[in-house]
Amino acid sequence: MATMIIEGERTKAASGKTYEVRNPATGEVVDEVPAGGPADVDRAAQAAHKTFATWSKLPANQRREILHKAAQHMLGKVEEIATILTKEQGKTILESRLEARRFGENIAWFADLADKVHGQHVKLPDLTTYGLVVRKPIGVCGAIVPWNFPLTLAANKVAPAIAAGNTVVLKPASTTPLSTLACIEALIEGGLPEGVVNVVLGQATGEAIVEHPLIRKIALTGSTPTGKRVMAKAAEQLKKVTLELGGSDPCIVLDDADLEGAARAISVGRFFNCGQQCLSTKRLYVQEGVYDALMEKLIARASKLKPGNGLDKDTRMGPMHTQTQRAEVEAQIKDAVDRGAKVLYGGGRPKGAEYDKGWFIEPTILENVPDGARMWTEEVFGPALPVRKIKDLDEGIRLGNDTPFGLGSSIWTANMAAAYRAVQELEAGYTWVNALVIAHDELPFGGTKQSGFGKEHGVEAFLQYTEEKSVVYGGIG
Ligand code: NAD
217 MATMIIEGER
227 TKAASGKTYE
237 VRNPATGEVV
247 DEVPAGGPAD
257 VDRAAQAAHK
267 TFATWSKLPA
277 NQRREILHKA
287 AQHMLGKVEE
297 IATILTKEQG
307 KTILESRLEA
317 RRFGENIAWF
327 ADLADKVHGQ
337 HVKLPDLTTY
347 GLVVRKPIGV
357 CGAIVPWNFP
367 LTLAANKVAP
377 AIAAGNTVVL
387 KPASTTPLST
397 LACIEALIEG
407 GLPEGVVNVV
417 LGQATGEAIV
427 EHPLIRKIAL
437 TGSTPTGKRV
447 MAKAAEQLKK
457 VTLELGGSDP
467 CIVLDDADLE
477 GAARAISVGR
487 FFNCGQQCLS
497 TKRLYVQEGV
507 YDALMEKLIA
517 RASKLKPGNG
527 LDKDTRMGPM
537 HTQTQRAEVE
547 AQIKDAVDRG
557 AKVLYGGGRP
567 KGAEYDKGWF
577 IEPTILENVP
587 DGARMWTEEV
597 FGPALPVRKI
607 KDLDEGIRLG
617 NDTPFGLGSS
627 IWTANMAAAY
637 RAVQELEAGY
647 TWVNALVIAH
657 DELPFGGTKQ
667 SGFGKEHGVE
677 AFLQYTEEKS
687 VVYGGIG
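So the sequence shown is residues 217 to 693, counted in our numbering.
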């Protein structure tokens with residue numbers, strides 16, 4: 217049975233309760249896990265608070281070295297960790313390998329910033345004094361993670377937090393705790409001191425993290441409704457919050473676009489991770505002149521995405537993560553079809569005995585999806601893409617912005633002026649121009665509108681795990 221990681225202990229839940237983690241491809245039990253609660257979060261927060269006193273005071277270059285060594289050790293275990301991730305999450309082993317590797321690389325990327333915290337020297341009117349602005353770590357940070365990219369989204373929070381000298385209480389999604397435990401255990405084996413990252417498990421631990429008085433900052437990746445609840449709760453203690461929430465990213469393809477490049481990016485953007493991505497291509501707007509040609513290419517690509525168990529070598533798309541998640545996407549597809557949409561590809565479940573026990577679904581493309589259909593107004597968190605013909609860029613930008621979300625967006629065109637307008641006018645935290653929808657370590661990533669605020673990735677994320685403090689030195693004249 218798996219255990220939580222709280223300082224030096226590998227521990228069950230205080231309540232003794234457990235639950236099962238199941239494989240979304242087969243329904244088999246992968247492991248039994250402690251169902252933690254507020255008492256466990258309290259122990260983890262106390263442990264993180266105690267460790268903060270030593271971790272935050274380490275010379276920053278030592279912190280950098282410790283994190284590099286720990287990341288290297290973890291990277292030696294990518295294969296083992298990827299297998300666990302596929303079993304609990306469902307994604308293909310190729311996707312799991314990429315994600316496990318990204319975890320270690322992210323720790324290493326932020327390790328390099330650990331000893332590059334700079335302040336300011338400020339002249340003051342009274343020449344017998346001068347001012348300084350110093351940056352300090354915040355304290356204990358809470359990291360709350362969803363199930364779609366358990367490792368990437370944990371690293372996005374843990375890496376900048378601990379590089380800046382903070383300690384962490386980390387809560388994976390209740391259905392994907394095992395690969396996260398394996399990563400943190402690998403970091404500890406590689407030299408990360410016990411207590412710097414503490415892992416609590418179970419549904420009830422999220423709220424307890426937000427409420428715990430020793431936890432000073434909350435970083436959540438999750439749905440927009442969860443973000444609103446967390447922000448309201450965090451407000452009671454005026455905690456800092458970073459909220460990476462839902463999205464419904466538009467992609468605009470103009471007549472002069474590189475169609476092969478666009479088709480590849482849209483296919484990866486919509487079908488990678490079985491469509492369970494926050495940054496993704498969730499609404500497609502295609503100019504009339506290339507509509508038919510692009511649909512042909514997209515359908516050809518979708519037809520190559522063989523669904524199956526993520527551990528099988530020839531699988532190109534794993535199952536959806538849960539039954540509820542699949543039911544939600546199926547209901548969104550049905551709503552579109554009931555309103556008159558035409559299914560261009562997929563639309564159902566793959567047939568065959570091997571699909572009976574898992575949450576499999578076909579990659580799906582729909583056209584003529586009417587205004588007001590759920591696929592346009594809600595986040596579609598699965599491999600289904602609504603497509604619409606547009607006359608021009610104006611229409612593409614207007615429809616693209618017609619959403620409460622503002623996470624990502626993309627445009628395909630050879631016209632630099634059109635691309636520039638899209639960059640200026642699309643309401644989103646990221647715009648890709650003629651490029652694959654991939655979030656880069658170097659660029660700050662985060663949403664606008666109801667997709668949240670605060671940044672992960674980049675120097676900006678690192679700085680958000682520090683606080684500025686002003687200092688006046690007197691008595692020098
Ligand atoms: P979710 O909001 O249900 O859960 C996310 C995490 O929050 C889980 O660990 C959950 O246990 C915890 N949680 C739930 N309610 C809580 C509460 N009241 N207080 C504290 N913690 C709570 O989301 P999900 O279904 O696991 O993930 C899918 C959602 O995440 C989608 O909307 C997706 O777009 C979004 N997402 C966003 C990003 C991004 O970077 N913007 C990335 C990935 C996923």
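All C-beta atoms in this analysis are idealised placements derived from N, C-alpha and C, irrespective of residue type, glycine included. It should be emphasised that the depicted structure is a prediction, and the values quoted were computed from it without experimental measurement.
Taking Cβ to Cβ, would you say residue i is nearer than 9 Å to residue j?
| i | j | result |
| --- | --- | --- |
| Glu311 | Asn584 | no |
| Thr440 | Gln666 | yes |
| Ala241 | Leu642 | no |
| Thr391 | Val237 | yes |
| Val502 | Ile468 | yes |
| His265 | Thr383 | yes |
| Ile282 | Leu274 | yes |
Roughly how many angstroms separate the alpha carbons of residue i and residue j, rounded to a whole number?
| i | j | result |
| --- | --- | --- |
| Ile577 | Phe268 | 46 Å |
| Trp271 | Met591 | 47 Å |
| Arg445 | Lys373 | 19 Å |
| Ile431 | Ile360 | 12 Å |
| Asp618 | Ile482 | 20 Å |
| Val249 | Lys228 | 8 Å |
| Thr629 | Ala316 | 34 Å |
| Glu476 | Arg542 | 30 Å |
| Pro579 | Arg279 | 45 Å |
| Met533 | Ser519 | 11 Å |
| Ala398 | Ile297 | 6 Å |
| Thr647 | Pro341 | 44 Å |
| Asn631 | Ile354 | 45 Å |
| Trp575 | Gln539 | 6 Å |
| Ala324 | Gly232 | 36 Å |
| Glu504 | Pro599 | 24 Å |
| Thr219 | Thr437 | 23 Å |
Among the options, which residue has its Cα nearest to the Cα of residue i?
| i | options | result |
| --- | --- | --- |
| Ala379 | Gly674, Ile692, Val506, Arg486 | Gly674 |
| Val426 | Trp325, Gly443, Ser439, Glu410 | Gly443 |
| Leu521 | Ala424, Gly562, Thr497, Ala218 | Gly562 |
| Asp587 | Glu611, Leu659, Ala552, Val412 | Ala552 |
| Val688 | Ala260, His337, Ala264 | His337 |
| Pro362 | Asn239, Ala298, Ala435 | Ala435 |
| Lys332 | Gly691, Gln453, Leu679, Gly645 | Leu679 |
| Val545 | Gly556, Glu611, Phe597 | Phe597 |
| Asn364 | Cys357, Val349, Ala389 | Ala389 |
| Ile400 | Pro366, Ser625, Ala230 | Pro366 |
| Ala377 | Glu410, Pro393, Thr396, Lys433 | Lys433 |
| Val413 | Ala261, Leu348, Ala450 | Ala261 |
Starting from residue i, trace the beta strand (DSSP E) both ways and give me its first and last residue.
| i | result |
| --- | --- |
| His337 | 336-339 |
| Cys490 | Note, Cys490: premise wrong, no beta strand (DSSP E); not H, not E. |
| Thr540 | From DSSP, Thr540 is part of no beta strand (DSSP E) but of the alpha helix (DSSP H) over 539-554. |
Considering residue i, what are the terminal residues of the alpha helix (DSSP H) in which it resides?
| i | result |
| --- | --- |
| Pro366 | 366-379 |
| Asp508 | 507-519 |
| Val257 | 254-271 |
| Arg590 | 590-593 |
| Tyr571 | No alpha helix (DSSP H) contains Tyr571, which DSSP labels as neither H nor E. |
| Ala450 | 440-451 |
| Gly674 | 674-679 |
| Tyr636 | 632-641 |
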